[in-house]
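Below: one structure, written as structure tokens.
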């Protein structure tokens, strides 16, 4: 529980009274992951975008199918490919909510979320700030502010000076 994804995956699940299912090594395979989801009645998947891209690709082959209980998929970690969203919509329609989470490690994981369930085409949005997060575009750069922003890099004052600033009196 010493990495940022644990904050996103473990604590909200347990805090909401959910059951956390940890993947086994064989679940690195898309077919095995989906079979495990079906077996355990998984309702929410939290996946790196690269893995989700592969999952959608495998689904398009018809070799596997989406689990019946699945209601929400959250992808994060890198840009979501628009063509995969189109393929996903063809497979899942709007039966399964597709969310795109964005947030650098310095913001304690996810800072913005976009609902891509009905996203048609064009650039894939990173969404709106979550409660307690403020976003501002300054000179073409996205600045994130709020309680989830880290206090800085441990013993790295020169890096902190380059990466953090203030906006309207608040750390950014």
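Numbering (our numbering), first residue to last: 2 to 173.
Positions of the beta carbon are idealized from the N, C-alpha and C atoms, including for glycine.
- A buried status is given to residue 130, since no fewer than 16 other beta-carbon atoms sit within 10 Å of its beta-carbon.
- Across the set 78, 59, 11, 118, the C-alpha of 118 shows the shortest separation from the C-alpha of residue 72.
- For the pair of segments examined, the region 56-68 was found to touch the region 27-42: the number of CB pairs separated by less than 8 Å reaches three.
- Inter-segment contact for the region 85-104 and the region 42-61 is present: three or more beta-carbon pairs are separated by less than 8 Å.
- The criterion of a C-beta distance shorter than 7 Å is satisfied by residue 39 and residue 68.
- In this structure, residue 54 sits near residue 82, with a CB-CB distance shorter than 7 Å.
- Contact between residue 112 and residue 134 holds: CB atoms are separated by about 5 Å, below the 8 Å threshold.
- With a minimum length of 3 residues, the unbroken runs of beta strand (DSSP E) contained wholly in the region 67-93 fall at 73-77.
- Secondary structure of residue 167 (DSSP, three-state): strand.
- Within the same chain, Cβ atoms closer than 8 Å to the Cβ of residue 59 are found at 31, 32, 65, the five residues on either side in sequence being excluded.
- If you draw a 10 Å sphere on the C-beta of residue 56, you find 16 or more other C-beta atoms in it, and that means buried.
- Annotation for residue 107: no alpha helix (DSSP H) segment contains it, and DSSP assigns it neither H nor E.
- For residue 138, the uninterrupted beta strand (DSSP E) segment begins and ends at 134-139.
- The beta carbon of residue 153 lies closer than 7 Å to those of 161, 165 in the same chain, with the five residues before and after it left out.
- According to the DSSP assignment, residue 147 belongs to the beta strand (DSSP E) that extends over 142-147.
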